[in-house]
Amino acid sequence: MFFITTAIDYPNGKPHIGHAFEKILADVLTRYQRLKGTPAYFLTGVDQHGQKMVKTAESEGVNVATLAKRNTKGFLRLWEKLGVHYDGWAETTDERHKACVQAILSDLKEKGALYKKAYAGFYSVRQEQFLTDRDRNEAGQFGPEWGEVIEIEEENWYFKLSDHISWLRSAIEKNDLKITPEFRRTEVLNALERSGDTDLCISRPKDRLAWGIPLPFDPDFVTYVWFDALINYISFAGYRKADDSNLPEFGDLWPADLQIIGKDILVPAHAVYWPCMLHAMGFEGSAMPTLLVHGFWNVKGDKMSKSLGNIVDPDELANHFGTDALRYYLCRDIRAGKDSDFDLERLVMLFNTELANDLGNLLNRSINMTKGFCNSTISDTNTSDPADVALRESLAKTTSAYREAMESCEVSVALQAINDHVTHCNGYLEKHKPWEMKKDESLLPRVGEVLSHTAESCAHLAVLLRPVLPDAAAKIFGQLKMESLADLTLADLTWGLLKPGHQTGKPKPVFPRIQLEQEG
Ligand code: MSP
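Numbering-wise (the working numbering), the sequence shown opens with residue 57 and increments by one.
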């Protein structure tokens with residue numbers, strides 16, 4: 057089973073475009089696996105504990121559990137609207153997760169991997185972390201990014217992270233722990249060079265933070281952030297599950313084939329803490345997950361933030377422009393782990409040119425003219441005309457480029473490959489001008505061949521587009537009267553899906569142009 061996970065989102069507000077992008081990417085890659093015929097399981101969810109949630113609840117004057125529940129619903133509603141179909145839903149307040157976290161903590165304590173110590177030092181209230189001298193700037197100060205810095209003395213529990221660092225370095229070098237894209241792997245190795253041998257503080261005293269999972273061996277403390285959140289990847293995959301838990305079989309899923317995360321939580325959380333935690337639990341190098349790291353969506357070069365008031369709301373975008381336009385844009389405009397700038401005009405432009413004009417017109421013209429000039433009947437497409445041969449070659453090239461790109465999770469490159477064949481087909485129609493040819497009755501058989509080449513291409517393109525735009529693909533299958541294409545795998549995608557004599561349906565625009573003028 058191909059196992060895909062994403063980061064679990066903090067539900068301390070509404071989901072933004074960055075959250076939506078990550079879930080859509082995971083959804084697309086899961087659907088792609090199924091298109092290959094590979095069974096896949098997609099786990100995502102929400103990270104409901106922690107100080108941020110408590111602060112938001114205080115500022116809104118609601119109970120933190122109520123806030124977590126309410127905001128979680130907002131995430132669930134959005135994923136439904138955006139066609140994000142997951143198989144497992146991880147909520148960190150789930151009793152099954154809590155039990156797993158506590159069992160892991162007890163084990164690690166038994167093994168001597170945890171210890172308690174008093175620490176006196178500087179603490180950033182905003183970032184909720186202890187600071188060391190390495191966090192000082194060149195002037196020797198704690199910079200403004202840390203907000204208010206106070207001196208505190210506190211006892212806490214620590215995980216012996218330092219015991220695992222040299223193992224981690226070799227696990228990354230040997231590619232047991234895979235990190236893609238490659239430049240992110242280099243980033244992690246460089247960070248390890250610079251890292252000292254500090255251990256990881258994993259608790260907070262209950263009197264300072266009560267909203268967390270209590271340590272089973274010291275109930276005055278709760279787990280802090282990563283020892284709770286990271287464990288979701290295994291707890292909801294069935295690790296140490298109870299018989300009646302209704303969770304998957306761990307052995308069927310683990311290790312994760314793709315853990316999709318943003319660049320901000322790569323170092324140290326996912327590339328250092330997480331593999332070291334797994335190693336301490338007894339997972340070998342071969343049981344390490346693969347990390348896929350994506351970039352950030354910014355707005356006009358700025359990071360999205362409440363204070364800048366520039367947060368892009370995917371819910372509003374889907375309401376205005378539709379789910380297809382949003383899914384297409386997010387997949388089309390980000391490349392191989394790099395940042396992207398959210399640009400509404402590009403969203404509209406990409407939809408209107410690549411979908412409404414190019415693919416939409418190709419589909420519409422193919423079905424419309426097949427109906428008007430050929431009685432909706434498909435002709436034999438095993439022809440030897442050089443233009444036909446070139447079209448079939450273009451489709452084969454597109455299909456293999458699409459496959460290669462999707463295998464390396466470069467959805468944007470896969471969409472470009474689809475567009476290349478659309479452009480080829482539109483050029484082919486312009487060259488043959490079936491609307492002119494049909495005036496000469498003796499050319500009608502050739503008209504049928506030409507239109508059947510483009511209709512056949514539309515069938516293939518819709519199958520390839522299915523992971524990104526499942527609804528649009530279904531509409532295209534409907535207009536081609538080929539609902540059976542919905543069950544097709546990539547291996548079945550050979551020329552001749554539409555058989556001679558097959559009757560196509562009625563044309564109806566699948567991608568109606570977005571008219572910005574009509575927007576209020
Ligand atoms: N709860 C932690 C993750 C725990 S995973 C065990 C967290 N939550 S988050 O809500 O802040 O972020 C969730 C995911 O969204 C992360 O992968 C993060 O990188 C991603 N993004 C947050 N802002 C983003 C953008 N502006 N653009 C793209 N992705 C971004 O971190």
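Ideal placement from N, C-alpha and C gives every residue a C-beta, glycine not left out.
Any heavy atom of ligand 1 within a distance shorter than 6 angstroms of the CB on residue i?
i           : result
residue 202 : no
residue 64  : yes
residue 103 : yes
residue 286 : yes
residue 320 : yes
residue 357 : no
residue 367 : no
residue 538 : no
residue 130 : no
residue 360 : yes
residue 317 : yes
residue 78  : yes
residue 153 : no
residue 74  : yes
Which residues does DSSP list as the beta-bridge partners of residue i?
i           : result
residue 434 : DSSP lists no partner for residue 434.
residue 316 : 62, 348
residue 96  : 58
residue 178 : 187, 207
residue 213 : 172
residue 259 : 279
residue 559 : 433
residue 46  : This structure cannot speak to residue 46, because the chain is shown only from 57 to 576.
residue 354 : 359, 397
residue 274 : 271
Could you tell me whether the Cβ atoms of residue i and residue j are closer together than 7 angstroms?
i           : j           : result
residue 309 : residue 326 : no
residue 355 : residue 572 : no
residue 524 : residue 541 : no
residue 258 : residue 283 : yes
residue 106 : residue 146 : no
residue 388 : residue 406 : yes
residue 86  : residue 76  : no
residue 247 : residue 323 : yes
residue 58  : residue 89  : yes
residue 279 : residue 268 : yes
residue 423 : residue 563 : yes
residue 68  : residue 125 : no
residue 620 : residue 139 : Absent from the model: residue 620. The displayed extent of the chain is 57 to 576, so no value can be given.
residue 561 : residue 531 : no
residue 103 : residue 64  : yes
residue 287 : residue 157 : yes
residue 176 : residue 209 : yes
residue 142 : residue 98  : yes
residue 266 : residue 311 : no
residue 178 : residue 207 : yes
residue 189 : residue 217 : no
residue 451 : residue 91  : no
To the nearest whole angstrom, what separates the beta carbons of residue i and residue j, a pair I think is in contact under 8 angstroms?
i           : j           : result
residue 517 : residue 478 : 7 angstroms
residue 435 : residue 504 : 4 angstroms
residue 506 : residue 526 : Not confirmed; about 29 angstroms, so no contact.
residue 395 : residue 351 : 4 angstroms
residue 164 : residue 336 : 6 angstroms
residue 487 : residue 457 : About 23 angstroms; that fails the 8 angstroms criterion.
residue 386 : residue 60  : The pair is not a contact, with the Cβ atoms about 17 angstroms apart (cut-off 8 angstroms).
residue 233 : residue 331 : 5 angstroms
residue 318 : residue 78  : 7 angstroms
residue 554 : residue 498 : Residue 554 to residue 498, Cβ: 24 angstroms. No contact.
residue 74  : residue 425 : Not quite, the Cβ-Cβ distance comes to about 43 angstroms (not below 8 angstroms), so this is no contact.
residue 227 : residue 341 : 5 angstroms
Looking at ligand 2, does it come within less than 6 angstroms of residue i, judged from the CB to the closest heavy atom?
i           : result
residue 353 : Among the ligands modelled here, namely ligand 1, ligand 2 does not occur.
Does residue i come within less than 7 angstroms of chain C when only Cβ atoms are used?
i           : result
residue 425 : Of the protein chains in the structure, only one exists, and it is not chain C.
* Asked: Is the segment 167 to 175 in contact with the segment 395 to 414, if contact means three or more CB pairs nearer than 8 angstroms?
  -> Counting C-beta pairs closer than 8 angstroms gives fewer than three between the segment 167 to 175 and the segment 395 to 414, which falls short of the contact rule.
* To do: Report yes or no: do the segment 507 to 517 and the segment 438 to 453 share at least 3 C-beta pairs separated by less than 8 angstroms?
  => Of all C-beta pairs linking the segment 507 to 517 to the segment 438 to 453, three or more are shorter than 8 angstroms, placing the two stretches in contact.
* Between the segment 267 to 276 and the segment 219 to 227, are three or more C-beta pairs nearer than 8 angstroms? -> No contact exists between the segment 267 to 276 and the segment 219 to 227.
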